[in-house]
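Number 10 in numbering that gives the first Met the number 0 belongs to position 11 of the sequence shown; there are no gaps in the numbering.
Idealized CB from N, CA, C, for every residue including glycine.
Here the structure is a predicted model, which means the values were calculated and not measured.
A short worksheet on the structure shown next.
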Amino acid sequence: MPYKDPCKKFACEIQRCLKENDFQESRCLHCIENLRKCCVTWKPHSISCSGIDIESKDRNIDGAKKSDRNAI
0 MPYKDPCKKF
10 ACEIQRCLKE
20 NDFQESRCLH
30 CIENLRKCCV
40 TWKPHSISCS
50 GIDIESKDRN
60 IDGAKKSDRN
70 AI
């Protein structure tokens with residue numbers, strides 16, 4: 000039986016969303032969060048989770064913690 004990546008559909012949703020929204024990442028945060036949630040469970044078994052920071056729920060799109068931005 001062929002291997003099926005459990006998070007691939009979420010990675011594809013991100014690509015589709017970015018294309019439909021002129022690659023404005025801020026418009027696809029919901030898709031990114033869906034992939035992150037999948038990767039929390041399936042990262043060891045999903046190639047789609049390579050490079051995904053599953054601890055970054057409290058981060059914005061530029062990687063800074065939201066709480067850190069308020070301190071500036």
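* If we ignore side chains and look at the alpha-carbon of each, how far apart do Ser-45 and Glu-12 end up? -> The alpha-carbon atoms of Ser-45 and Glu-12 are separated by roughly 15 Å.
* To do: Note down, one range per segment and in chain order, each alpha helix (DSSP H) of at least 4 residues found wholly within the stretch 22-60.
  => 28-41
* Are Phe-22 and Ser-47 touching if we call contact CB-CB under 8 Å? -> no
* Asked: Can you tell me whether DSSP reads Cys-11 as helix, strand or coil?
  -> helix
* When the cut-off is 8 Å and only beta carbons count, does Cys-38 lie next to chain D? -> Included in the structure is just one protein chain, with no chain D present.
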